[in-house]
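Under this note's numbering, the very last position in the sequence shown is 500; numbers go up by exactly one each time.
This report refers to the structure that appears directly beneath it.
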Amino acid sequence: MILLVALGDSTWGQDIYVTFEEVRFIANNRVKAIVFVQNFGATRYVGAYYGETGMYPGFEERCEFSLSYTDVSSGRETRRMPTSITVETIFGGSIPMDIPMYELPTTGSSSGQRWEVLFPSVPKDAANVVVWILGADYSLGDTPGASKIKRERIAAEEKDRKERRALAIRLQSEGTSLLKAKQWTGALEKLRGAVELDTSLSGKVKPMIAKASLEIADSLRLNNDLEGAIGAYTEALEADPTQQNTVRLLRAQCFSQLAERGMRDGNYDLAIKYFSAACVDNDSLAAYCNAKLVECRHHKAQELHDSGMVAFHEGDFQCAISSLKSAADQDPTFEPVVVDRVTDCWFQLGEREIQRRNYRAARMNFLQAGQVSSIGVERVDRRFRQLRRSPGVTAAFSLLPGGGQLVNEQPGKAKLHFAAFAVLAGISILELSVADHQYEKYRKATDTKSARELYQKTERAWTACLVGSSAAALVVSFSMWDAYRSAKRFNKYFELP
């Protein structure tokens with residue numbers, strides 16, 4: 004059997020032919036493969052891993068020799084590497100193949116290499132045993148043990164199928180008898196069991212299931228067990244869709260009765276749920292049920308509105324927003340009533356964040372208020388104008404360095420700017436005092452040398468005073484610029500998008 008292996012990497016530019024000369028089981032269920040390999044392309048390296056354990060971490064990604072099989076019992080597939088690979092020499096002997104990479108030279112069409120590959124033992128119940136060499140594969144099929152297990156399994160499955168079939172037929176017969184005796188519950192259990200055991204009986208049994216379910220549903224409805232009746236009607240409908248018009252009407256009537264009960268009890272969620280189901284089930288009840296739905300939704304909206312107002316007065320504004328929005332969703336006529344209050348809630352949340360100095364969150368809450376209505380937009384714009392700071396006025400406060408930073412709520416910066424200014428101004432004043440003192444001494448000097456020294460000291464003091472004054476002035480300028488910039492940045496929080 005000759006197999007052409009087309010290698011995927013086009014840079015190799017070669018074709019390799021693998022001929023499986025012998026592949027068979029040997030002693031202890033080991034597998035022996037003898038292959039003849041021809042390389043018509045350039046020299047390439049073959050990934051070769053082997054060892055007595057038959058396993059090596061990650062060998063599947065690197066080794067081009069492997070054996071795979073499936074465990075019949077668990078269905079798990081296993082892949083093993085060879086225990087040995089030998090290459091036949093021109094003198095008739097053999098040498099072990101180099102690992103981890105073996106150099107396969109060009110052979111041409113008139114020559115090649117013969118390799119003997121031995122694999123470890125496979126389990127006695129191994130199925131689908133396949134030898135893989137350089138991408139080519141040779142299937143040995145199943146071991147005798149696996150074939151036996153498969154035959155036994157098929158026989159057991161067939162036996163089980165026949166037993167289930169016989170039991171299903173018996174249950175069908177018993178269910179039919181109970182159905183004739185009008186013992187609906189017992190008949191339904193038997194018939195359900197028959198279908199579960201053998202679905203091929205569905206065509207005959209399901210109409211009987213539908214009949215029993217309908218009788219049970221009617222009985223439950225008479226006893227005012229409407230939920231149970233709905234379940235039975237649903238089972239009847241699934242068993243026999245041909246009766247859907249009749250069954251859907253009966254089920255819709257149950258839905259409607261349950262909804263009216265919920266309405267009387269003030270459980271408007273339940274009423275809305277069942278009136279909606281009744282509308283879907285039967286068109287003849289749609290007009291009545293839709294009218295009731297409007298009424299129920301109005302009552303539910305009133306409940307939600309009242310609970311939202313309670314939450315608002317208690318300061319739980321998120322809960323108030325949720326309840327008031329739900330009220331408008333239930334009944335659109337409530338929307339004009341809740342719009343202003345929802346806007347108030349968002350404003351209160353925004354003001355709360357202002358107090359916490361979390362201006363980003365405050366902005367988001369105010370913008371939410373603006374999305375509720377056009378009036379909300381006007382309120383937001385007005386509040387934003389109030390919150391914005393005048394950059395010029397803020398900068399003016401920094402004529403005393405740190406003042407503008409205090410206005411911008413930056414106490415750390417304020418302390419730093421003021422301290423820098425105070426130190427530099429203090430140094431300037433001190434140096435000015437020194438300069439005045441040295442100058443007075445200079446004026447009173449009686450000899451040239453001392454006068455020159457005093458004059459130099461006076462100049463140094465004046466220079467230090469000038470440098471300190473300039474630095475202090477720079478601190479004032481920087482503090483004013485920083486205050487102006489911070490105020491502008493702060494105002495961006497309170498601009499409408």
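For each residue, glycine too, the CB sits at the ideal point set by N, CA and C.
Since the structure is predicted, the reported quantities are computational estimates derived from the model, not experimental observations.
Along the chain, where does the beta strand (DSSP E) that runs through residue i open and close?
i: D74; result: 68–74
i: E498; result: First-last for E498: undefined, no H or E at that position.
i: M104; result: 104–107
i: Y48; result: 47–50
Which word fits residue i, buried or exposed, when buried means at least 16 other C-beta atoms lie within 10 angstroms of its C-beta?
i: R83; result: buried
i: S326; result: buried
i: K416; result: buried
i: W484; result: exposed
i: A215; result: buried
i: S259; result: buried
i: P108; result: exposed
i: Y236; result: buried
i: K295; result: buried
i: Q374; result: exposed
i: D145; result: buried
i: K193; result: buried
i: Q441; result: buried
i: A242; result: buried
i: A238; result: Looking at the sequence shown, residue 238 is not Ala but Glu. Burial call: buried.
Residue i by DSSP, collapsed to three states: which one?
i: P85; result: coil
i: R359; result: coil
i: A448; result: coil
i: A289; result: helix
i: S97; result: strand
i: N248; result: helix
i: A371; result: According to the sequence as given, residue 371 is Gln; it is not Ala. Looking at Q371 - three-state DSSP - the assignment turns out to be helix.
i: Q116; result: strand
i: A184; result: coil
i: L402; result: coil
i: E462; result: helix
i: V410; result: helix
i: Y442; result: helix
i: T397; result: helix
i: Y54; result: Going by the sequence as given, residue 54 is Gly instead of Tyr. Note: G54 maps to coil in three-state DSSP.
i: T110; result: coil
i: S489; result: helix
i: S453; result: helix
i: T146; result: coil
i: S376; result: coil
i: T202; result: helix
i: T92; result: coil
i: A9; result: Because A9 carries a pLDDT of 34, less than 50, the predicted location of this residue cannot be relied on, and the following value inherits that uncertainty. The answer is strand: DSSP assigns A9 an E or B state.
i: D309; result: helix
With residue i as the anchor, note down where its alpha helix (DSSP H) starts and where it stops.
i: Q333; result: 320–333
i: L217; result: 205–225
i: E241; result: 229–242
i: R391; result: Premise fails: R391 is in no alpha helix (DSSP H) and is neither H nor E.
i: Y277; result: 271–284
According to DSSP, which residues form a beta bridge with residue i?
i: V470; result: Beta-bridge pairing links V470 to no other residue.
i: N42; result: I19
i: W135; result: S69, D140
i: E80; result: T73
i: F28; result: V34
i: A130; result: T73
i: L121; result: K35, S87
For residue i, tell me which candidate among the options has the shortest Cα-Cα distance.
i: G569; options: S180, K185, I172; result: Here the chain comprises residues numbered 4 to 500, so residue 569 is not present and cannot be evaluated.
i: G429; options: R455, C468, K418; result: C468
i: S77; options: D128, L390, I275, Y141; result: D128
i: E306; options: G318, K328, A294; result: K328
i: K303; options: V134, N270, A45; result: N270
i: A486; options: Y141, S431, G395, Q389; result: G395
i: C282; options: Q351, F28, L253; result: L253
i: R488; options: N411, L499, I432; result: N411
i: E67; options: T73, Y52, V75; result: Y52
i: V274; options: N285, E298, F400; result: According to the sequence shown, residue 274 is Ala rather than Val. Per the Cα distances, E298.
i: W135; options: A365, S71, Q459; result: S71
i: Y105; options: A159, A139, R47; result: R47
i: E91; options: I37, S142, V125; result: I37
i: A365; options: G318, G379, W349, E218; result: W349
The ligand NAP and residue i: does the residue's C-beta get closer than 7 Å to at least one heavy atom of that ligand?
i: Q459; result: As for the ligand NAP, it is missing from this structure, which has no ligand bound.
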